[in-house]
Amino acid sequence: MTTQRDRKQMEGFHKNNRIPVPVNVIFSCVFIFLAAICVLPLIFVIIISLSTEESIQRIGYSFFPQGWTGFAYEYVMNSSETVGRAFLVSIGVTVTGTIFGLMMNSSMGYVLSRASFKLKKHYTMIIFIPMLFSGGLVASYMVITQFLGLTNTYGALILPIGVTPFYIIILRTFFQTTVPDSIIESVKVDGGNQFLIFFRIVLPISLPALATIGLFLSFAYWNDWFMALLYIRSTHMQMYPLQYVLISIERNMDFLLRNAEFFGAAMDGGARLPAEAVRMALVVIAVLPIACSYPFFQRYFISGLTIGAVKG
């Protein structure tokens, strides 16, 4: 039964934690301003990509250009077969790589989080060292090409990014602080093995951590072009991801503009290529799909922001 003293304490608690209306209005204005700072650059890039080259040359970048055109997107879509295939490659690599990365990082993190694992400290140290001292590009290139033989394969686009020591440490900390040992012990008493515990118990209650790491992995895979540059040769162009193709389009466009004088009449129209608009169109094509995926992660991402904040 609630006493008068308890009621006074609750009233005092609510009173001390109540935000005055003027302060609430100020906070709302500040957060609206911060949200606008995040959204306006994307809107600005879209406007520039739809601006005519003459307007950009005359007045520069502007929210209110003097002319509108979709020629920049038309120029990119002229390579629709190449861009479309690269888009599908990026989607496949991103989805497959994210699932692969989540499985590898979470399984290793779970093993290191268990106190019963005798080599816990040893493997934790082995994983922690690469966070401070990298093996280098030459070593990783030799492993991928010579030891694993993954040149010109999708594995070369997936494996080097899939496992990251930082993600393993984060998941290990999350499992240590969030997954109760009592639940695991009760499942063991009922006859459950480690695979059942991991897939039916640990993973379902670890969605915030998995969504957070999954978001980071999807960003890394979607934005990656360096792996294609290293491991995919020009004889296998059908395996190029979207980012690499978009960079190639920009390089080809810059080459045509810089060397227009050597192409004579063939470049009369090329000299007027919408260079700035095309660059912004490439940014929109690269950013918009992955940005649209964020709302699906947001619910779990917010819950997982502090997964590494508790000392394990």
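If you read the sequence shown in this note's numbering, its first letter stands for residue 127, the second for the next number, and so on. Each residue gets a CB set at the ideal place from its N, CA and C atoms; glycine is no exception. These numbers were taken from a predicted model, which means no experiment stands behind them.
Contact set for residue i: own chain, Cβ-Cβ below 6 Å, skip 5 residues either direction
i, result
"Ile310", "Ile323"
"Ala391", "The predicted model places Ala391 with a pLDDT of 42, which falls under 50 and marks its position as unreliable; any figure quoted below should be read in that light. So the list is empty, once near-sequence residues are dropped."
"Thr271", "Thr277"
"Ser239", "Arg298, Phe301, Gln302"
"Gly227", "Gly288, Leu343"
"Lys246", "Leu238"
Span separating the alpha-carbon of residue i from that of residue j
i, j, result
"Gly318", "Ala407", "53 Å"
"Met203", "Val147", "52 Å"
"Tyr370", "Phe301", "37 Å"
"Gly395", "Arg405", "Residue placement at Gly395 is poorly supported in this model, since its pLDDT is 46, which falls under 50; the coordinates still yield a value, given next. Using only the alpha carbons, I get a separation of about 18 Å."
"Val171", "Phe159", "19 Å"
"Pro415", "Phe342", "15 Å"
"Leu297", "Gly275", "30 Å"
"Thr299", "Arg377", "44 Å"
"Gly186", "Pro167", "15 Å"
"Leu356", "Val151", "53 Å"
"Ile411", "Cys418", "12 Å"
"Glu179", "Val413", "22 Å"
"Thr250", "Val264", "25 Å"
"Met363", "Val269", "23 Å"
"Tyr420", "Ile252", "33 Å"
"Val409", "Leu176", "12 Å"
"Thr304", "Ser188", "49 Å"
"Val313", "His248", "27 Å"
"Ala397", "Pro191", "Interpretation of Ala397 is limited by its pLDDT of 45, a score under 50 that renders its predicted location unreliable; the figure taken from the coordinates is listed afterwards. Each residue's alpha carbon lies about 21 Å from the other."
"Ile217", "Phe259", "32 Å"
"Ser233", "Ala241", "15 Å"
"Phe325", "Tyr201", "47 Å"
"Gly262", "Val165", "37 Å"
"Lys437", "Ala198", "Note that Lys437 has pLDDT 43, beneath the 50 cutoff, so the model's placement of it is unreliable and the number below is only indicative. Looking at the two C-alpha atoms, the distance is approximately 50 Å."
"Ser154", "Phe345", "30 Å"
"Val149", "Pro306", "40 Å"
"Ser308", "Ile375", "56 Å"
"Phe321", "Phe273", "30 Å"
"Asn349", "Ala161", "23 Å"
Own chain residues within Cβ distance below 7 Å of residue i, not counting five before or after
i, result
"Met257", "Pro291, Phe292"
"Val315", "none"
"Trp351", "Pro367, Gln369, Tyr370, Ile373"
"Val219", "Tyr280, Leu283, Ile284, Tyr347, Pro367"
"Ala354", "Leu283, Tyr366, Pro367, Tyr370"
"Thr208", "Val371"
"Phe243", "Val237"
"Arg184", "Gln192"
"Ile145", "none"
"Phe157", "none"
"Ile169", "none"
Own chain, CB closer than 8 Å to residue i, minus 5 neighbours either side, in chain order
i, result
"Arg359", "Thr277, Asn278"
"Thr361", "Asn278"
"Phe254", "Pro291, Ile295"
For residue i, the residue or residues it bridges with in DSSP
i, result
"Trp194", "Ser177"
Rounded distance between the beta-carbons of residue j and residue i, thought under 8 Å
i, j, result
"Glu402", "Ile174", "7 Å"
"Ser181", "Gly193", "5 Å"
"Tyr280", "Met365", "7 Å"
"Asn231", "Ile339", "6 Å"
"Gly235", "Ile294", "5 Å"
Is the stretch 285-301 touching the stretch 220-231 in the sense that three or more CB pairs, one from each, lie closer than 8 Å? yes
Can you confirm whether the stretch 207-214 touches the stretch 330-338 when touching is taken to mean that 3 or more C-beta pairs between the two stretches lie within less than 8 Å? no
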